[in-house]
Amino acid sequence: MAQHWSYDILKHIAINDKDAQDNLEDLKSILLDDIGSTRNMCRIKDMTDLIDCLERHDALSENNIEPLREIADQFGNKELEEAICNYFAPKDSSGFTEPYNQYKELRLADEVRSHLSINGDSQHAEVRGRMSNDNVRFQSGQSQTLPPPLPTPTIYPQELTDRKRAAIHKLIANEIGKFWRALGRELQLSQGQLDALEMEYPRDLVSRVYKLLQVFEEDECHDSKQNVLVLCRALEDCRRKDLRRKVEDIMSH
């Protein structure tokens, strides 16, 4: 039976990683975006300082252990890899475990607006009928007292055309950077597949990411109609909400 590892144990293993400590400057450069500033970089003298800094900047927490994955990947820390594989983040007490789905929200909003518009028209017709029966006459200018009609909802195209697909792949391949492995994991690629991609394209990150996306799309376990939503969810889960928003922008045009 697999052992369940706590968040504190994961941190302890990372802090005591000798290879990570010996290559601390390189690790700081890799995690620069999470560390936040040159001043913070200078304050980090050992792994304890690094972990503390990441936690203070909300880059590392019980619900986000991606920096620890990065440490395990960079220095081949098998103990840390095992601990991460057997780690389960605490459940969100708010009850919201699924990321925001823009397309579903738009569809539901449009349905609600349509329903309200239909009901509103029926209610206005009923009111006008009662007023007619009572021989009440309104001037055309006075009819403005009725509630104004609801605006026509904007429908965003959701079809993944070849042009949109190419634009999304180009965006991710050029901007995902050091988060490519995290993205691959969120897309359910195995460690072996990720290692094979790095070996195939050791110095060409863009081509590596293009191939990663190809492998993801060719996986028959995924519903091809849901690829964009899965990709957006994966980008958010690997801390690239900026790219998720850009993908959503591409899909909305």
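Note that the numbering used here has the sequence shown beginning at 1145, numbered continuously upward. We put the CB at the ideal spot given by N, CA and C, even for glycine.
Close Cβ partners of residue i (< 8 Å) along its chain, the five nearest in sequence each way excluded
| i | result |
| --- | --- |
| LEU1387 | LEU1315, ILE1316, GLU1319, ILE1320 and LEU1379 |
| ILE1153 | ALA1227 |
| LYS1355 | LEU1341, GLU1344 and TYR1345 |
| ILE1209 | TYR1151, LEU1154, ILE1228, TYR1231 and ALA1233 |
Residue i versus residue j - alpha carbon distance
| i | j | result |
| --- | --- | --- |
| VAL1350 | PRO1211 | 22 Å |
| CYS1365 | LYS1322 | 26 Å |
| ARG1183 | ALA1216 | 25 Å |
| CYS1197 | ASP1306 | 43 Å |
| LYS1172 | ASP1161 | 14 Å |
| THR1298 | HIS1397 | For THR1298, the predicted model reports a pLDDT of 40, less than 50, meaning its position is unreliable; a value from the coordinates is still stated below. Rounded to whole angstroms, THR1298 to HIS1397 spans 12 Å at the Cα level. |
| ALA1310 | ALA1203 | 31 Å |
| GLU1362 | LEU1331 | 12 Å |
| ASP1393 | GLY1180 | 27 Å |
| ILE1195 | LEU1304 | 41 Å |
| GLU1223 | ILE1312 | 36 Å |
| LYS1308 | VAL1372 | 10 Å |
| ASP1163 | PHE1219 | 6 Å |
| VAL1359 | VAL1353 | 10 Å |
| LYS1369 | SER1334 | 22 Å |
| HIS1156 | LEU1357 | 34 Å |
| ALA1158 | MET1185 | 18 Å |
| ARG1213 | ILE1188 | 19 Å |
| ASP1170 | MET1395 | 37 Å |
Range of the contiguous alpha helix (DSSP H) that encloses residue i
| i | result |
| --- | --- |
| LYS1390 | 1385-1396 |
| TRP1324 | 1324-1330 |
| TYR1231 | First-last for TYR1231: undefined, no H or E at that position. |
| GLY1336 | 1335-1344 |
| LEU1357 | 1349-1362 |
| ASN1184 | 1182-1187 |
| ALA1158 | 1151-1159 |
| HIS1313 | 1306-1319 |
| GLN1370 | Unbroken run through GLN1370: none, as it is neither H nor E. |
| GLU1169 | 1168-1174 |
| ASP1217 | 1210-1219 |
Whole-angstrom C-beta distance between residue j and residue i, which should lie under 8 Å
| i | j | result |
| --- | --- | --- |
| ARG1325 | LEU1338 | 6 Å |
| LEU1168 | MET1191 | 7 Å |
Where residue i falls, given that 16 or more other Cβ within 10 Å makes a residue buried
| i | result |
| --- | --- |
| ASP1367 | exposed |
| CYS1229 | exposed |
| ASP1178 | buried |
| CYS1382 | buried |
| GLY1402 | The structure shown does not extend to residue 1402, since the chain is modelled only from 1145 through 1397, so no value can be given for it. |
| ARG1200 | exposed |
| ARG1384 | buried |
| ARG1329 | buried |
Other residues of its chain near residue i: CB distance less than 6 Å, five sequence neighbours each side excluded
| i | result |
| --- | --- |
| ASN1221 | ASP1161 |
| CYS1376 | ARG1388 and VAL1391 |
| VAL1374 | none |
| GLU1225 | ALA1216 |
Any non-hydrogen atom of the ligand PLP within 7 Å of residue i CB
| i | result |
| --- | --- |
| GLU1225 | Absence of the ligand PLP from the depicted structure is noted, as is the absence of any ligand whatsoever, leaving it without description. |
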